[in-house]
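Accompanying notes for the structure given below.
Numbering (my numbering), first residue to last: -1 to 89.
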């Protein structure tokens, strides 16, 4: 049976302690970074919300562009047409 040298055992223990410390600090850094990203995203969203509200109030009821064509429908079919198509007659 082979016994290990006490210095080897202490070296292994110190290495595992170092690894644990590094992992803990990495987890804390990752948590801090995630919190910072969340806060900065919230600030950006709030600023954009305010800017869009301001722009909306500035250009309310004003023509900002004229189209050279008449826009088509968006694919919506009136309810009366759906009833006619499904039953064959109108109600």
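For glycine and all other residues, C-beta sits at the position ideal for the given N, C-alpha and C.
Residue i to residue j span [Cα, whole Å]
| i | j | result |
| --- | --- | --- |
| residue 58 | residue 31 | 40 Å |
| residue 28 | residue 46 | 27 Å |
| residue 23 | residue 17 | 10 Å |
| residue 10 | residue 43 | 49 Å |
| residue 3 | residue 26 | 35 Å |
| residue 55 | residue 35 | 30 Å |
| residue 20 | residue 13 | 11 Å |
Cβ of residue i within 8 Å of any chain C Cβ
| i | result |
| --- | --- |
| residue 12 | Absent from the structure: chain C. Only one protein chain is present. |
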